[in-house]
Each structure stands twice: as structure tokens, then as C-alpha cells.
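The numbering of the sequence shown is my numbering, which starts it at 6 and goes up by one.
Reading through the C-alpha cells given below for one structure.
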Amino acid sequence: MPGAAGAVHQLVFGLAFSFASAQGNEACWRVGFSYDSCCSPPRPDCFDSLYTYEVCCLNDGSDSQLPQDCHRKEDVPNLPRQLQCRGTHWVTADEWAGFFWAHQLSQALGTSFLGWPNITALLHKANESMQARHASEEDCIFGFAAVILHSLAGIEKAAGSDAARKASSYAHRLLQRASGLEDCRWLQMINHDMFDHYNLVMGLEGRFHGWCPPDAPRVYVYDMGDLADRPISCARIGFWGSEVYIDRFLRHAGCRTQDAEAADLFFIPLYLTCWELQVGKHLTKEAKFLSFSALDGVLIRFCR
């Protein structure tokens, strides 16, 4: 249950605890939250509009509509080993469960969901060494692949687009290896909308790399450096993506030319909303002016 911002219920029920289960609603107690730490006395940062004090502390869960883990404890031993997610020396079973659970909640709450665990730390632990990586593959192959895909924007920001593409390719190799397995956590709990579009913006979507007819117009796409860089993080949330998709489609299209003299159309990609939210808002007015003034040295001008 996330300690997310939300409508916090300030409820006074007198003897209500006498009617509640000693542990409240078990569906609430994950990722460090517990009945003892949240309910007695009520701790406001434990609750939000979905996980309220009433639902979690005064309800035994018998009629709860909260999201449930599709892996029932009694069924786990009968699953293929790579789907059991029992935990390793590096990543615990609770950490895997918390990751899947957060993804499930994000499907219900959308971008307002603030209860993500530290995914960067989880990836680091799962990928800390060759031994850790192998253990993660054998213990929770879909969870490991999902953690990598979830982390691509951060990988791109920290290490560049090539590193993000390599990580994406590795995650998809894991999924291919597990293609004969069926995991309800991967199919039902993971929020695939968060990363299904990444292959397009990274140029890994083969259907957009078609042959260009001889008489078709050629497109020249300017290299705008930082103002059209990091497409994954810029396409990750909300309307930002509209700045990225046309650029990436043209950038990877068969009719793109690297010769500006041979071009019929010119496209100047500027991820200005993304740049403003990620970079510009941290700059002074003077620094922002200098950044845009530098564009004069980037744009090629033609007189035809």
C-alpha cells in the first residue's frame, strides 16, 4: 500500500477495533506496511483514496475489492521454478511481490499513483553480478524482464540510448526464453502501457524500416542534440509523447536521407515540453536564452 497523496480518511469509530480483525485487511499489508504500524494508532501517511483506514484497519478483507496478487501462496510450489519468485540472495520474494503489486495498482490509479518501490535499487540488486543476474533469471524471469523494461528511461538518462537499447534487447531475450511459460503476474498485473511503445522510439520496430520507393520524397532530420535526445524518458508519460513519435518515425524511416542537399523535406525535432520539464525549469532565464541561441549554429540553411 503506497503512502501516496490522496484523500485521507479521518474516521472516529469508538469501539470499531473490537469489530475488526486483529490484523485488518491482509491485502493492505505489503511493502513495509503493517496493521501494527498503520492502524494503532491511525497513521495518515499509510492511507490514500484506495487504501483507506476503513478498508485496511476495520475490514477483515472478506468482501474487499482491493487488487489481489494472482499468485496464491498455496499454488506457488506447483508453478515452474522460473515463475515462483521465491527470492534469492539478492532480491527477496517480498520485493518481487511488491514490484508486481505496484504495477497492478498503477493500472487502476494511472499517473496519480505514487507508491512505486525503488525500482533502480531493485534492478541494481537483481543485476549486481553474473551470479545475481543468473539467479534472477531462474527465480523470477518475468519479474526480472519487467524490472528492466520499467527501468529503460533511467538507463537512457544515466548511460545513453545505446545502453537502453542493449538492456531492452536483453529483456526481450528473457521473454523469448520464457515464451513457453504463462505467468498471470506478467499477463495481468504488469502495466504494459508503461513500456510497450519503447521499441518504436528506440528504432527497434521493424515494420517502420521499410523500403523507400525511388520517386518518394526524401526527408532530412536535423540532429538537435539535447533538445531531441532521450526519447524514452520524453515519451514515457502523458502528452509528451507526441513530440517524440513523429521524429522517431521519420528518423528510422526508409526515406530518410543523411544528405541534406538531396532532401525534399526537412524536419526539426524539438522536444520542448519535455526539455522544459526536465531541464529548462532548472535554468535561469539567461541560461535558457543561451541554450536556444545556440540553435543558430545547428540549423543548416539553404537558398533554393
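Think of the CB as a built atom: it goes at the ideal place given N, C-alpha and C, for glycine as much as any other residue.
{"Check": "Relative to the C-alpha of Asp231, which residue among Trp106, Cys51, Ile273, Ser174 is closest?", "Outcome": "Ile273"}
{"Check": "Identify the continuous alpha helix (DSSP H) that holds Tyr175 and give its terminal residues.", "Outcome": "166-182"}
{"Check": "Secondary structure at Leu295, three-state DSSP: helix, strand or coil?", "Outcome": "helix"}
{"Check": "Measuring straight from C-alpha to C-alpha, what distance separates His139 and Ala151?", "Outcome": "16 Å"}
{"Check": "Quick one: any contact between the segment 269-287 and the segment 219-235, if contact means 3 or more CB pairs under 8 Å?", "Outcome": "yes"}
{"Check": "Return the bridge partner residues of Thr57 from the DSSP annotation.", "Outcome": "Thr57 is not bridged to any residue."}
{"Check": "Indicate whether Ser156 and Ile124 have their beta-carbon atoms separated by less than 8 Å.", "Outcome": "yes"}
{"Check": "In angstroms, rounded to a whole number, what distance separates the CA positions of Glu31 and Arg256?", "Outcome": "50 Å"}
{"Check": "Quick check: what's the CA-CA separation for Pro122 versus Ala131?", "Outcome": "14 Å"}
{"Check": "In chain order, what residues of the same chain have a beta carbon less than 7 Å from the beta carbon of Ser111, not counting five sequence neighbours either side?", "Outcome": "Phe118, Asn196"}
{"Check": "Quick check: what's the CA-CA separation for Ala163 versus Ser238?", "Outcome": "11 Å"}
{"Check": "For Val224, which beta-bridge partners are listed by DSSP?", "Outcome": "Arg261, Leu270"}
{"Check": "Secondary structure at Gly215, three-state DSSP: helix, strand or coil?", "Outcome": "coil"}
{"Check": "Counting only runs that start and end within the segment 59-143, where is the alpha helix (DSSP H) found for 4 or more residues in a row?", "Outcome": "86-89, 98-114, 124-131"}
{"Check": "Tell me which residue opens and which closes the alpha helix (DSSP H) that Val249 is part of.", "Outcome": "247-256"}
{"Check": "Once the 5 residues before and after Ile146 are set aside, which same chain residues still bring their CB inside 6 Å of it?", "Outcome": "Gln87, Leu179, Ala183"}
{"Check": "Confirm, please, whether the CB-CB distance from Val60 to Leu1 is below 8 Å.", "Outcome": "Because residue 1 is not part of the residues shown, which for the chain are 6 to 309, the question remains open."}
{"Check": "Helix, strand or coil: which one does DSSP assign to Arg48?", "Outcome": "coil"}
{"Check": "What are the boundary residues of the alpha helix (DSSP H) that includes Gln28?", "Outcome": "Here Gln28 belongs to no alpha helix (DSSP H), and DSSP marks it neither H nor E."}
{"Check": "Considering only the alpha carbon of each residue, which of Ala176, Arg223, Asp167, Val226 lies closest to Met207?", "Outcome": "Asp167"}
{"Check": "From Arg48 to Arg35, what distance separates their C-alpha atoms?", "Outcome": "15 Å"}
{"Check": "Considering Cα atoms alone, identify which of Val96, Ala107, Phe104 is closest to His129.", "Outcome": "Val96"}
{"Check": "Look up Asn196 in the DSSP assignment and say whether it is helix, strand or coil.", "Outcome": "coil"}
{"Check": "With Tyr56 and Cys33 assumed to form a contact (beta carbons below 8 Å), what rounded beta-carbon distance in angstroms separates them?", "Outcome": "6 Å"}
{"Check": "Between Arg223, His287, Ala292, which lies nearest to Glu266 when the distance is taken from Cα to Cα?", "Outcome": "Arg223"}
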